[in-house]
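Visitor: For what it's worth, full-length UniProt numbering labels the leading residue of the sequence shown as 1, then goes sequentially. All C-beta atoms in this analysis are idealised placements derived from N, C-alpha and C, irrespective of residue type, glycine included. Since the model is a prediction, treat every value here as computed from it, not as a measurement. Handing you this structure, nothing more for now.
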Amino acid sequence: MALEELFISLGFYIWIIIFSIIGLLYWYLNVPPNLPPGSAGLPIVGYLPYISSPPYKGFSSLEKKFGPIFHLYLGNRLVIVLNDYVAIKEAFIKQADVFAGRIRDANFVRNDSERHGVVNDDGEYWKQHRRFVLHNLRDNGVGKLTFEPLLLNEIRHFLAELKKHSGKPTPMKDILYCSLSNNVHLLVTGNRYDYEHPTIQRMIRALHNFSEHGQPLAFHTFFPWISKIPGSNRITKHELRWQDMDEIISIANGIVTDNNRDRQAQYECLVDAYIDEMKSNEGNLKSIFSKNGLLHVCRDLMTAGAETSSRTMLWGMIYLTNHPEVQKKAQKEIDAVIGRDREPSYNDRSQTPYTVAMITEIHRIVSLVPMALPHRNMKEIKVLGYTIPKDTMIIANLWHANNDPKLWGDPENFRPERFIGSDGRLVIPEYFVPFSIGKRACAGEPLARMELYLYFTSLLQHFDIISLDGAKLPLDGSEKVTRSPIFDVICVRERSTE
Ligand code: HEM
């Protein structure tokens with residue numbers, strides 16, 4: 001009897017071993033043919049345990065092993081990493097339409113039938129919304145002089161706020177968040193808010209949570225089945241991300257439906273233009289313009305627009321504290337070209353190449369969205385001779401392209417001069433890609449460039465950014481979908497008049 005029990009239990013273990021071997025064989029033999037080099041890693045978890053943190057640096061270091069384009073299984077999901085500029089360009093520029101898809105996973109989308117505006121959608125719905133946003137920004141003079149007075153007005157508020165803190169180390173994150181998100185509010189709704197206003201305070205809390213809960217390699221992206229298990233949210237926290245998005249949508253709804261919106265009369269803000277578009281499409285069953293679409297577009301612009309520009313400003317202020325020599329050089333140029341009495345204009349940039357180079361260097365060294373947002377190829381396609389199966393998750397390592405020693409020589413050094421040619425003019429190489437490239441490149445790039453130029457020139461015109469004890473500020477970042485400085489206490493001091 002005892003022998004029989006032993007046999008039965010041994011049989012059980014033998015079956016487990018047989019199943020494991022079959023599973024392993026299936027796992028390894030099921031890798032599609034002609035993939036770029038790479039690794040399937042371990043069963044179930046794939047290569048995830050081997051990727052060092054932060055992931056963009058982990059991928060970067062894999063270049064020596066696998067080359068500029070490689071495949072990895074993360075969980076049981078096939079991922080292609082475009083690790084250098086050539087690979088990114090081959091895919092995102094040369095095969096732009098194919099690579100314009102997005103991954104719609106539990107990180108962003110509750111269920112597959114949900115439509116999502118610009119950032120998380122693709123196909124015709126995304127195409128029309130993206131076109132609408134780009135046209136609206138252009139029509140409202142973003143990147144041109146017509147939007148400038150509104151930006152300069154916001155900058156006046158920003159400088160007045162800084163004046164209150166002159167000479168005192170001050171947490172800067174929220175001040176920047178309020179000011180830079182006001183620019184998006186202006187475009188979207190025609191409104192700005194005082195920094196203490198409950199709406200903007202609620203919004204920056206929601207945006208902050210949204211950013212904190214967004215993981216670059218989120219658990220539920222690679223183990224999608226996990227979100228179906230009751231209680232799994234306690235581990236993966238994916239519902240928190242949805243709640244943050246709901247909160248932003250709810251704030252957007254409040255703003256959009258506020259009949260007392262104090263609109264700037266001189267232009268048609270995005271909400272009004274969208275409502276006009278909805279009206280002109282009434283009765284057209286194929287129209288993609290809807291109240292739901294409007295709220296998602298507002299949410300997209302608020303999430304994508306406020307955090308990115310404000311965090312880039314904050315990183316810039318940290319780098320300038322640590323590099324007073326760069327700051328002095330830019331101030332000298334700004335004093336000579338603009339002076340202290342007139343407000344800067346976006347047109348001044350041709351006369352201030354060093355200041356533009358300084359801002360460009362901040363973008364490069366920070367690479368705020370280091371792995372862009374994941375793309376998806378919408379059909380099977382060849383890149384650099386390798387075959388990528390349809391619907392694969394594609395990660396572009398923008399950080400590596402912006403910090404590749406083969407292209408930049410000394411990428412670790414903060415050195416704006418790298419963008420100045422021997423004739424003293426600005427030279428920006430094509431492999432500078434903080435906004436990504438191709439059909440999914442940042443839709444707000446013209447706004448971000450204009451903001452950062454006018455904010456930095458105004459700031460340096462009137463303030464020195466200083467370290468009171470001469471110590472360098474730490475460069476540690478909270479590495480989420482974007483990179484956010486952990487340290488945010490900055491000291492600005494009004495410049496003396498001499
Ligand atoms: C320093 C500032 C900014 C940086 C570094 C930045 C960078 C990026 C990057 C890397 C992407 C992903 C591109 C890809 O997936 O290939 C992106 C997407 C996007 N950005 Fe920005 N961005 C900035 C500011 C802004 C602003 C101010 C707005 C709008 C108000 C904006 C709106 C968007 C939108 C709508 C998308 C999604 C585009 C699409 O999927 O078609 N961004 N951005």
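#1: Just the C-alpha distance for T189 and S367, rounded to the nearest angstrom, thanks.
#2: Would you list the one or two residues that DSSP bridges to D464?
#3: If you reduce the DSSP assignment to three classes, tell me which class M393 lands in.
#4: What does the Cβ neighbour count give for K173, buried or exposed, with the cut at 16 atoms within 10 Å?
#5: Do the segment 410-430 and the segment 273-288 touch if we need at least three Cβ pairs shorter than 8 Å?
#6: May I ask which residues mark the beginning and end of the alpha helix (DSSP H) holding H208?
#7: Which term fits N183, buried or exposed, when burial requires 16 or more other beta carbons within 10 angstroms of its beta carbon?
#8: Taking the C-alpha atoms as reference points, what is the distance between D410 and N402?
#9: Going by alpha carbons, who is nearest to A160 out of L373, D194 and L187?
#10: Could you give the uninterrupted runs of the beta strand (DSSP E) lying entirely in the segment 335-399, keeping only those of 3 residues or more?
#11: Return yes when the Cβ of T321 is within less than 8 Å of the Cβ of I465, no when it is not.
#12: Does the segment 87-100 come close enough to the segment 53-62 to have 3 or more Cβ pairs within less than 8 Å?
#13: Does DSSP classify E412 as helix, strand or coil?
#14: Would you say P416 and L398 are within 8 Å of each other, going by their C-beta atoms?
#15: Could you please give me the residues that DSSP links to P485 through a beta bridge?
#16: From S232 to F210, what does the alpha carbon distance come to, in whole angstroms?
#17: Shorter than 7 Å, the distance from the beta carbon of D300 to the closest heavy atom of the ligand HEM, or not?
#18: Please report the Cβ distance between E361 and F419, rounded to the nearest whole angstrom; I am assuming they are in contact, meaning their Cβ atoms lie under 8 Å.
#19: Would the beta-carbon of L180 fall within 8 Å of that of M313?
#20: Answer yes or no: do D105 and T221 have a C-beta to C-beta separation smaller than 8 Å?
#21: Look at I69 and P36 and say whether their C-beta atoms are less than 8 Å apart.
#22: For P216, which of helix, strand or coil comes out of DSSP?
#23: Any chance the CB of L368 is under 7 Å from a heavy atom of the ligand HEM?
#24: Of the residues P169, A441 and H185, which one's Cα is nearest the Cα of K127?
#25: Is the CB-CB distance between C491 and L468 below 8 Å?
#26: What is the C-beta distance between H375 and I388, in whole angstroms, given that I count them as a contact (C-beta under 8 Å)?
#27: Would you kindly check if the distance between the Cβ of V481 and the Cβ of P55 is under 8 Å?
#28: Just the Cα atoms here: how many angstroms apart are D272 and D246?
#29: R192: beta carbon under 7 Å from a heavy atom of the ligand HEM?
Guide: Let me lay it out:
#1: 29 Å
#2: Paired residue(s): R493.
#3: In the structure shown, the three-state DSSP call for M393 is strand.
#4: Under this definition K173 is a buried residue.
#5: no
#6: P198 to E212
#7: buried
#8: 11 Å
#9: D194
#10: 381-383, 386-388 and 393-396
#11: The answer is yes: Cβ separation under 8 Å.
#12: no
#13: coil
#14: No, these two residues do not count as a Cβ contact at 8 Å.
#15: G477
#16: 19 Å
#17: yes
#18: 7 Å
#19: yes
#20: yes
#21: yes
#22: coil
#23: yes
#24: A441
#25: yes
#26: With a Cβ gap of about 11 Å, H375 and I388 do not count as contacting.
#27: No; because the gap between Cβ atoms is not below 8 Å, this pair is not in contact.
#28: 22 Å
#29: no
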